[in-house]
Amino acid sequence: MAYWMMRSEPDSYSWEDLLRDGETEWDGVRNYAARLHLRAMKPGDQGFFYHSNQMKAVVGIMEIVSDPHPDPKDADWVAVRVKPVRPVDPPVTLAAIKAGAEARRHGDAAPEPAERRPGARRGMESGARAQPLSVYAASLTRLARLRSCGSRWRLRSRIDLGVTSTSSSSSI
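For the sequence shown, my numbering gives the first residue as -4, with consecutive numbering after it.
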């Protein structure tokens, strides 16, 4: 299973809209790098719904429920279907994520896990400024940082934030 950060402006399509709709097409992505990430998604992967602009926070967890397919609005691009899994309560703000990155840089926290997800963006993990993508792979470092920010949710994976586990328990 892979994990993805998926960004949307709340005034365009919000977490509440996804809860109301029950499932939606994640379409309209017009960036070549983000398109590659969409193509890499598989049913069962999880996405972190990130509200950009106003709130700047991870507000929910989604599940990818379809294979990548041509975007219905433009067949040169890619879309996937997603459904809500659960809200992230309290939301994990960008400021909290950056504060965790700053603490790690100054030795105030445990070092980041050495294992990284292929395709994860280094700049976003460290809190550095980078060109924002609407969709990108979330590394184990990012997942650990989200969990350390006080959110009350659990990941469903055989990898527990960088430590390989032989248990097959699945919980969110």
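Ideal Cβ positions, reconstructed from N, Cα and C, are used throughout, including at glycine.
Output yes or no for whether 7 Å exceeds the beta carbon distance between P(-3) and D40. Within the sequence shown, numbered from 1, the residue matching residue -3 stands at position 2. Within the sequence shown, numbered from 1, the residue matching residue 40 stands at position 45. It is worth fixing the name first, because residue -3 is Ala in this sequence and not Pro. Closer than 7 Å, so yes.
Bridge partners of E18, per DSSP? On the sequence shown, position 23 is the one that residue 18 refers to. The partner list for E18 (beta bridge, DSSP) is empty, contrary to what the question assumes.
Going by the DSSP bridge assignment, what does Y131 pair with across the sheet? On the sequence shown, residue 131 is found 136 positions in, with the first residue counted as 1. According to DSSP, which records beta bridges pairwise, Y131 is partnered with M0.
Unbroken alpha helix (DSSP H) run spanning Y27, endpoints: Your numbering for residue 27 matches position 32 in the sequence shown. Where Y27 is concerned, the enclosing alpha helix (DSSP H) stretches over 27 to 35.
Short Cβ contact (7 Å threshold) for G55 with P82: The residue you call residue 55 lines up with position 60 of the sequence shown. The residue you call residue 82 lines up with position 87 of the sequence shown. In terms of Cβ geometry, G55 and P82 form a close pair [threshold 7 Å].
Three-state secondary structure (DSSP) of G122: Residue numbering aside, residue 122 sits at position 127 when the sequence shown is read from its first letter. For G122, the predicted structure reports a pLDDT of 43, less than 50, and the residue's modelled location is therefore unreliable. The matter cannot be settled from this model.
By alpha-carbon positions, which one of D69, G23, T19, S47 ends up nearest to E58? On the sequence shown, residue 58 is found 63 positions in, with the first residue counted as 1. The residue among D69, G23, T19, S47 with its C-alpha nearest the C-alpha of E58 is T19.
If I follow the unbroken beta strand (DSSP E) through P38, where does it start and stop? Counting from one through the sequence shown, the residue named residue 38 turns up at place 43. Unbroken run through P38: none, as it is neither H nor E.
Exposed or buried, which one is G17 when buried takes at least 16 other CB atoms within 10 Å? Start at 1 with the first residue of the sequence shown, and residue 17 comes out as number 22. Taking every protein chain shown into account, the CB of G17 has fewer than 16 other CB atoms within 10 angstroms, so this residue is exposed.
Proximal residues to V24 (C-beta, below 8 Å), its chain only, five neighbours per side dropped: Position 29 of the sequence shown holds residue 24. R30, L33, D66, W72, V73, A74, S129, V130, listed in sequence order.
Roughly how many angstroms separate the alpha carbons of A94 and P86, rounded to a whole number? Translated into positions along the sequence shown, residue 94 becomes position 99. Translated into positions along the sequence shown, residue 86 becomes position 91. Cα to Cα, A94 sits roughly 15 Å from P86.
Between V73 and chain B, is the shortest Cβ-Cβ distance under 7 Å, so that the two count as touching? Here there is only one protein chain, and chain B is not present.
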